[in-house]
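Q: One structure follows; several queries about it will come next.
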Amino acid sequence: MEAAAPHDPAEPTPTANSVGLTVTSPEQMRELGRRLAKLLRAGDLVLLSGELGAGKTTLTRGLGEGLGVRGAVTSPTFVIARVHPSLGDGPPLVHVDAYRLSGGLDEMEDLDLDVSLPESVIVVEWGEGKVEELTEDRLQVVIHRAVGDTTDEVRQVTVTGLGGRWATTDLTVLSA
Ligand SMILES: Nc1ncnc2c1ncn2[C@@H]1O[C@H](COP(=O)(O)OP(=O)(O)OP(=O)(O)O)[C@@H](O)[C@H]1O
Ligand SMILES: [Mg+2]
Numbered sequence: 001m002e003a004a005a006p007h008d009p010a011e012p013t014p015t016a017n018s019v020g021l022t023v024t025s026p027e028q029m030r031e032l033g034r035r036l037a038k039l040l041r042a043g044d045l046v047l048l049s050g051e052l053g054a055g056k057t058t059l060t061r062g063l064g065e066g067l068g069v070r071g072a073v074t075s076p077t078f079v080i081a082r083v084h085p086s087l088g089d090g091p092p093l094v095h096v097d098a099y100r101l102s103g104g105l106d107e108m109e110d111l112d113l114d115v116s117l118p119e120s121v122i123v124v125e126w127g128e129g130k131v132e133e134l135t136e137d138r139l140q141v142v143i144h145r146a147v148g149d150t151t152d153e154v155r156q157v158t159v160t161g162l163g164g165r166w167a168t169t170d171l172t173v174l175s176a
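UniProt numbering puts the first residue of the sequence shown at 1, with every later residue one more than the last.
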């Protein structure tokens with residue numbers, strides 16, 4: 001057996017951990033959210049990407065159900081962020097829709113996301129390039145809609161854990 005090449009200390013330690021899933025209905029997307037909720041705890045940041053109508057809010061609805069929080073998760077029309085307190089003793093869910101925001105965290109200063117993150121699960125739709133500086137540990141969820149047939153309910157979902165927080169988490173449990 002050949003010995004593995006020694007890790008070059010100049011290289012960053014690889015910590016990405018990724019799983020690809022196929023979701024075939026809105027109900028399955030919610031179920032994925034419920035499963036994802038089991039992996040989450042206070043201090044976790046989840047970034048949801050995907051085009052309009054990909055299913056980001058649908059996934060967040062399942063997350064809210066899985067976390068057991070109060071209030072239905074909806075697509076906010078005017079509200080940028082909504083806090084759903086836990087009905088039990090779990091963390092609250094902070095649901096942010098950054099679609100209308102072009103800037104970064106400075107534009108969301110009033111939300112005090114940095115203050116609430118340690119005791120909350122924060123989920124951000126359209127947050128790419130805007131909220132990463134909150135923490136280097138984050139879960140990146142990318143939802144791709146099958147192109148062409150607009151009636152198609154099939155979505156390709158990639159969940160990637162970044163940073164030490166996710167380095168040893170087995171994300172394949174999401175596809176169970
Ligand atoms: N497999 C699927 N997963 C999720 N949603 C699906 C799926 N198939 C069809 N849909 C439908 O697509 C729509 C997804 O809407 P949703 O609000 O969750 O998207 P979104 O990504 O949050 O959009 P936006 O960018 O406008 O916030 C819903 O009407 C849902 O019923
Ligand atoms: Mg949405």
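C-beta: ideal position from N, C-alpha, C; glycine also.
Just tell me which of H95, A72, G68 has its CA closest to the CA of G88.
A: Considering only alpha carbons, the answer is G68.
Q: Beta-carbon within less than 6 Å of T135's beta-carbon, same chain only, minus the 5 sequence neighbours each way: which residues are those?
A: Only L45 meet the Cβ criterion.
Q: Which two residues bound the contiguous beta strand (DSSP E) that contains D97?
A: Segment 93-97, the beta strand (DSSP E) holding D97.
Q: Can you list, in chain order, the residues of its chain whose CB lies under 6 Å from that of L139, leaving out five sequence neighbours each side?
A: Excluding sequence neighbours, L139 sits near V46, G161.
Q: Return the CA-CA distance between L39 and L32, expressed in angstroms with no decimal places.
A: Those two C-alpha atoms are separated by around 11 Å.
Q: Quick check: what's the CA-CA separation for R34 versus V157?
A: Cα to Cα, R34 sits roughly 15 Å from V157.
Q: Could you check the C-alpha separation between P92 and P118 for me, to the nearest Å?
A: One C-alpha to the other measures close to 11 Å.
Q: Considering only heavy atoms of ligand 1, does any lie closer than 8 Å to the CB of Q28?
A: Checking the Cβ of Q28 against ligand 1 gives yes.
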